[in-house]
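In the numbering used here, the protein residues as written are -19 to 313.
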């Protein structure tokens, strides 16, 4: 005798997270953005692991298709901050590094290293290598003698010692890292790649963000403004916080909930030729002063100036301070 599956005679209860998927996916006329509070609740459930994998995938891709709002990103960030247990560490700059570089070497690492030598306390964080053909911060930490920290105590010690600390996202927000790692399962980046840039877990004096896709810079700036953060968002080279000296840069800033914009003209009079390959040894050669190379020196000076602008200096003063820091750096590496 064949055993047939039993009939469903009672309507099953709806999963509590289903409401958030429905809000985003109800169709062209019925779908809408999440409110900030709805976003906070939804991300809270995700972080507390109260969501089925199928729901999470649907939620992330619906957000990706719709394009996340500043209110949603503020709500998501609020949910994470409510769950973080971070020590009270004095940090000047929150420096997310999630994109990797493919056209130029990561000159921002030398900029951050030089700033750290001059008393600027920088917390860097990243999500690991996720796209082929790119060079990531994590791959160069030991090479450039940048401290890799695996807990907050190590972060504090590194900041006190040299002003610069890197901690992987997986060590302080493993649920966020898991969502980033879904990229190769879902076939697309999710909004978590962007969200990681806003998190500023230690409440730094200023957060630096690089958003490559046009239109998203203002969304990120507005989300940080809703959170009460001081932030500068740029379209950095390759998606990293690095000024391209061959192009004009637009700064999207927020302080005390007030937005501001600033145009920075390109530093190079003539466009540089892109290097044929990325040799990390060139980073060390530039740091030691063994070679002269216009593009990297302009890029890292401008990037240091961007950071100093975030800490309150005007552009010209920031550029001059950056040049002085670079000239007086400790060239050992």
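Where is the CB? At the ideal position from N, CA and C, for every residue including glycine.
Computed from a predicted structure; not experimentally measured.
First and last residue of the beta strand (DSSP E) that includes residue i?
i	result
residue -16	Neither: residue -16 is in no beta strand (DSSP E) and is coded neither H nor E.
residue 162	Element bounds for residue 162: n/a, residue is neither H nor E.
residue 276	Run containing residue 276: none in the beta strand (DSSP E); it sits in the alpha helix (DSSP H), 274 to 290.
Please classify residue i: is it buried, with 16 or more other beta-carbons within 10 angstroms of its beta-carbon, or exposed?
i	result
residue 240	exposed
residue 105	buried
residue 39	buried
residue 65	exposed
residue 269	exposed
residue 171	buried
residue -16	exposed
residue 180	buried
residue 215	buried
residue 72	buried
residue 202	buried
Tell me the DSSP bridge mates of residue i?
i	result
residue 229	244
residue 213	189, 232
residue 73	102, 186
residue 147	105
residue 6	DSSP, once it has assigned bridges, lists no residue as partnering residue 6.
residue 115	81
residue 128	146
residue 312	Residue 312 is not bridged to any residue.
Which residues mark the beginning and the end of the alpha helix (DSSP H) in which residue i is found?
i	result
residue 200	196 to 206
residue 46	33 to 46
residue 52	50 to 63
residue 263	261 to 268
residue 297	295 to 307
residue 24	16 to 27
residue 174	172 to 175
Taking the alpha carbon of residue i as the reference point, which residue from the options has its own alpha carbon closest?
i	options	result
residue 232	119, 122, 25, 205	205
residue 248	275, 93, -4	275
residue 24	44, 9, -4, 45	-4
residue 30	-2, 61, 136, 288	-2
residue 112	21, 2, 164	164
| request: Say whether the stretch 180 to 190 touches the stretch 209 to 229, bearing in mind that this needs 3 or more beta-carbon pairs closer than 8 Å, one atom from each stretch. | output: yes
| query | Does the pairing of the stretch 159 to 175 with the stretch 121 to 132 give three or more beta-carbon distances under 8 Å? | reply | no
| said: I'd like to know if the stretch 85 to 105 and the stretch 283 to 303 are in contact, where contact means that at least 3 CB-CB pairs between them fall below 8 Å. | reply: yes
| query | Can you find at least 3 beta carbon pairs, one from the stretch 220 to 230 and one from the stretch 260 to 267, that sit closer than 8 Å? | reply | no
| said: If contact is defined by three or more beta carbon pairs under 8 Å, each pair taking one atom from either stretch, is the stretch 9 to 19 in contact with the stretch 38 to 52? | reply: yes
| said: Any contact between the stretch 105 to 118 and the stretch 76 to 87? By contact I mean 3 or more CB pairs, one from each, below 8 Å. | reply: yes
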